[in-house]
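Comments concern the structure below.
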Amino acid sequence: MPTRPLVIRYEDDLKVLPGLWHKAGAVLALAIALSYPWLASTRWLSVGNLGLVAIVGAAALMVLTGFAGQVSLGHAAFLALGAYTVAVLGTKLGWPFWLALPLAGGVSAFVGVVIGAFALRLKGLYLAIVTLGLVFLTQHVLLAYPDVTNGLSGTSVPMYWWFRGEAGPAAAVGDTWMLGPVVLGFERKLYFIFLLLAAGTVWLTKNVQRSNSGRAMMAVRDQDLAAEVLGVATTQAKLQAFGVSSFLAGIAGAMFAFQQQYITVEPPFDLNLSIQFIAMIVLGGVGTVFGAVSGALAFTFLSPLADSVGHSVPLINQLTSAQQSTVLLSVIVVLVLVLEPMGLFGVWLRVRRYFQAWPFRY
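So the mapping is simple: the numbering used here equals the position in the sequence shown, first residue as 1, plus 5.
This is the structure:
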């Protein structure tokens with residue numbers, strides 16, 4: 006039986022969940038996401054929180070690189086701006102996270118649009134070099150003002166529910182909640198907050214892909230000159246891609262800061278972080294929202310597994326923990342690119358086609 010209904014209207018082709026199998030998959034994913042914090046240990050719950058942060062960050066890079074075809078090595082800079090924005094607003098001004106979070110995205114979006122305006126005539130390797138310089142420039146700026154960012158020593162990231170008043174500090178998100186027999190500690194509350202943010206990001210990214218702006222981005226990615234001849238505003242499409250991508254990256258950086266509760270400039274906001282996000286979208290499948298989500302989750306959950314496997318391999322056991330993850334994950338990414346260039350999305354297409362044609366092999 007076909008897994009996709011017959012499309013007779015243009016609106017049917019634009020549905021987010023067009024068929025029964027898509028709806029069943031969404032329900033299954035929701036059930037797993039809601040049950041995960043009650044089944045996972047404290048360590049794996051923290052990994053799950055980082056996985057949700059990675060989903061937002063990977064979706065942000067997918068808009069810029071996957072949809073618009075603008076290769077960027079400066080993703081870590083936008084995450085750093087978002088992280089330090091919420092850190093400064095929470096530490097210096099006592100702002101609640103629900104107000105500091107969108108402002109973090111706004112600061113990153115402003116910088117992203119400015120950088121995008123300067124990089125409109127660049128593409129490929131030249132654009133990658135410009136965005137690479139943004140990482141080092143951001144690090145220099147954050148370290149140049151120790152009165153605000155605390156410089157090399159790093160800064161704490163308080164997370165309040167509401168404004169901190171003169172009478173004392175506001176209630177922190179880390180306070181434990183008792184809802185009858187249900188106990189919600191810091192990690193679990195953070196998980197559900199991040200789950201809402203990740204779900205909203207996926208929904209937003211999917212709708213951007215299906216919108217006229219998303220089609221314009223993909224036309225620029227495929228052939229910018231032909232797109233301009235056909236009437237596509239290439240400048241506007243690139244600026245929109247930079248703006249949306251940097252905004253979501255700022256949100257991801259703020260989420261990471263709230264998760265860690267203490268951040269420094271380097272690590273983690275260095276070139277290695279940008280390369281990791283590129284590896285996520287390549288591993289999942291460039292140009293698809295499914296690739297951003299699956300690549301982020303696979304990359305996040307494979308890292309602790311790689312550490313465990315690395316200790317049992319004699320040659321790799323001599324390396325440090327960070328080197329183990331880098332070596333094993335690099336091998337996995339190379340194997341995926343050789344065996345399936347479309348990444349995990351290509352694997353999913355193979356599985357779906359198999360069951361669509363079963364019991365036949367064509």
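In this text, a Cβ means the ideal position worked out from N, Cα and C, and glycines have one as well.
query                                                                                                                  : result
Within 8 Å, strictly: CB atoms of residue 300 and residue 347                                                          : no
Close Cβ partners of residue 77 (< 8 Å) along its chain, the five nearest in sequence each way excluded                : 66, 69, 70, 132, 133, 136, 250 and 279
C-alpha gap between residue 148 and residue 272, whole angstroms                                                       : 13 Å
Supposed close pair residue 143, residue 92 - CB separation, criterion 8 Å                                             : Wrong, their Cβ atoms sit about 14 Å apart, outside the cutoff.
Three-state secondary structure assigned by DSSP to residue 127                                                        : coil
Test: residue 210 CB closer than 8 Å to a CB of chain D                                                                : The chain inventory of the structure shown lacks chain D, comprising one protein chain alone.
Buried or exposed (CB count within 10 angstroms, at least 16 for buried), residue 453                                  : Lying outside 6 to 367, the shown extent of the chain, residue 453 is not represented and no answer is given.
Reference residue 99; option with closest CA among 163, 361 and 150                                                    : 163
Residue 172 - DSSP class collapsed to helix/strand/coil                                                                : For residue 172, the predicted structure reports a pLDDT of 36, less than 50, and the residue's modelled location is therefore unreliable. A value from the coordinates is still provided. Coil, per DSSP.
Alpha carbon of residue 216 to alpha carbon of residue 158, nearest angstrom                                           : 44 Å
Three-state class that DSSP yields for residue 90 in the structure shown                                               : helix
Spatial neighbours of residue 284 in its chain, beta-carbon cut-off 6 Å, leaving aside the 5 residues before and after : 338
Neighbourhood of residue 222 by C-beta, 6 Å cutoff - its chain only, sequence neighbours within 5 removed              : 72, 73, 242 and 246
CA nearest to the CA of residue 24, picked from 363, 237 and 357                                                       : 357
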